[in-house]
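Participant: Under my numbering, residues 1 to 219 are what the first sequence spells out, in order. Starting off with a structure, shown below.
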Amino acid sequence: MITPAELLCARWLDRSLFLRDPRYVARELLGKLLVRRQTGEWLAGRIVETEAYLGKNDPAAHAAAGRTPRNRVLFGPPAHAYVYLIYGNHYCLNVSCLPDGEAGCVLFRALQPVAGKDAMARNRHLDLRQLSGKRVRLLTSGPGRLTQAMSITRLQDNGKDLLSPDSDLILLDDGLRPKRVGTSKRIGITKAADAPLRYFIAGNEFVSGTKREFAICDL
DNA sequence: TTATAGATTGCCT
DNA sequence: GGCAATCTATAAT
């Protein structure tokens with residue numbers, strides 16, 4: 001866990017990072033902080049697992065079908081939140097990449113809680129006292145879990161600039177760098193299922209889908 | 001207008 | 001490991 005003072009010292013990310021290819025951004029975001037600034041308490045999680053979704057050449061990407069009302073954020077300026085409902089139950093959070101007009105994004109698949117754990121547990125309707133050992137993973141391990149923990153919804157958050165000082169949902173860098181990064185196929189998709197576009201901090205207990213095959217990336 | 005699949009999760013055996 | 005829950009974008013009538 002990190003203190004509110006430490007969070008205030010964390011740096012903003014440079015928007016130019018998000019102009020780059022989602023595969024690069026997905027790796028670069030590992031170790032960074034996703035922060036919900038709400039009155040009373042800040043919630044923050046370290047990004048430990050991501051997936052890259054490309055443009056029209058990636059059949060698994062929402063952008064593959066071209067611009068629609070749902071995916072318009074993907075075609076907009078970089079570093080904005082793309083939030084959508086999946087399976088009628090869960091929200092997924094992505095950040096847009098590449099210049100305005102070009103689609104591409106990174107999906108946030110898992111966070112390690114670093115601040116506001118109590119609020120996260122409340123948002124998840126879980127009792128923190130019962131989350132001993134490996135069960136803490138239930139807080140933020142998985143794309144639907146982390147959005148619920150951070151109370152991210154399409155109505156509230158879709159289209160928000162994640163680098164704006166006015167935003168209540170932002171990305172920060174506290175200087176931590178992952179020691180080892182793993183890569184594997186993306187999880188839960190049927191099209192382009194073999195592309196190795198998932199990235200995670202190797203060994204981190206909040207990473208989802210651990211029993212699958214992976215390789216260690218060069219940093 | 002109706003049908004279907006989906007970047008998931010949680011509860012069941 | 002199997003499968004229901006629950007909504008909606010998109011495809012098929």
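Don't be surprised by glycine CBs; every beta carbon is placed ideally from N, CA and C.
Which residue's Cα is closest to the Cα of Thr140: Asp218, Tyr24, Phe206, Ala119?
Facilitator: Counting from 1 along the first sequence, the entry for residue 140 is found at position 140. Considering only alpha carbons, the answer is Phe206.
Participant: To the nearest whole angstrom, what separates the beta carbons of Glu28 and Arg109, a pair I think is in contact under 8 angstroms?
Facilitator: Working through the first sequence from its first residue, we reach residue 28 at position 28. Working through the first sequence from its first residue, we reach residue 109 at position 109. Between Arg109 and Glu28 the Cβ distance is about 15 angstroms, and since that is not below 8 angstroms, they are no contact.
Participant: Thinking just about the alpha-carbon of each residue, which of Leu107, Lys185, Gln130, Asp127 is nearest to the one in Thr147?
Facilitator: If you number the first sequence from 1, residue 147 lands on position 147. Of the listed residues, the one whose Cα sits closest to Thr147 is Leu107.
Participant: Considering Pro113, what are the terminal residues of the beta strand (DSSP E) in which it resides?
Facilitator: For this step, residue 113 is matched to residue 113 along the first sequence. 105-115 is the extent of the beta strand (DSSP E) around Pro113.
Participant: Considering only DSSP beta bridges, list what Arg37 is partnered with.
Facilitator: Within the first sequence, numbered from 1, the residue matching residue 37 stands at position 37. According to DSSP, Arg37 bridges with Trp42.
Participant: Pop quiz: Ala44 and Ala121 are said to be a contact at Cβ under 8 angstroms. What is the actual Cβ separation, rounded to whole angstroms?
Facilitator: Reading the first sequence from its first residue, position 44 is the one you call residue 44. Reading the first sequence from its first residue, position 121 is the one you call residue 121. Not confirmed; about 14 angstroms, so no contact.
Participant: Where Trp12 and Ile201 are concerned, what is the direct C-alpha to C-alpha distance, given to the nearest angstrom?
Facilitator: Counting from one through the first sequence, the residue named residue 12 turns up at place 12. Counting from one through the first sequence, the residue named residue 201 turns up at place 201. Near 21 angstroms, if we compare the C-alpha coordinates of Ile201 and Trp12.
Participant: In terms of DSSP beta bridges, what is Gly66 paired with?
Facilitator: Taking the first sequence and counting its residues from 1, the one referred to as residue 66 is at position 66. Its beta-bridge partners do not exist; DSSP assigns none.
Participant: Mind checking Pro4: buried by the 16 CB within 10 Å criterion, or exposed?
Facilitator: Here residue 4 refers to the residue found at position 4 of the first sequence. It is exposed - the Cβ of Pro4 has fewer than 16 other Cβ atoms within 10 Å.
Participant: Pull up the distance between the alpha-carbon of Leu172 and that of Gln156, whole angstroms please.
Facilitator: Start at 1 with the first residue of the first sequence, and residue 172 comes out as number 172. Start at 1 with the first residue of the first sequence, and residue 156 comes out as number 156. Each residue's Cα considered, the two are about 20 angstroms apart.
Participant: For Leu138, I'd like the list of residues in its chain whose CB is within less than 8 angstroms of its CB, leaving aside the five on either flank, ordered along the chain.
Facilitator: Within the first sequence, numbered from 1, the residue matching residue 138 stands at position 138. Closer than 8 angstroms at Cβ, skipping near neighbours: Arg124, Leu126, Leu131, Arg145.
Participant: According to DSSP, Asp161 sits in a beta bridge with which residue or residues?
Facilitator: In the first sequence, counting from the first residue as 1, residue 161 sits at position 161. Paired residue(s): His80.
Participant: From the DSSP output, read off the bridge partner residues of His90.
Facilitator: Position 90 of the first sequence, counted from the start, is the residue given in the question as residue 90. According to DSSP, which records beta bridges pairwise, His90 is partnered with Ile86.
Participant: Would you report the Cα separation of Gly76 and Thr68, rounded to the nearest angstrom?
Facilitator: Here residue 76 refers to the residue found at position 76 when the first sequence is read from its first residue. Here residue 68 refers to the residue found at position 68 when the first sequence is read from its first residue. Each residue's Cα considered, the two are about 12 angstroms apart.
Participant: Starting from the C-beta of Leu74, find all residues in its chain whose C-beta is less than 6 angstroms away, skip the five residues before and the five after it, and write them out in chain order.
Facilitator: In the first sequence, the residue the question calls residue 74 occupies position 74. Hits under 6 angstroms: Ala63, Tyr82, Ser96, Ala103, Cys105.
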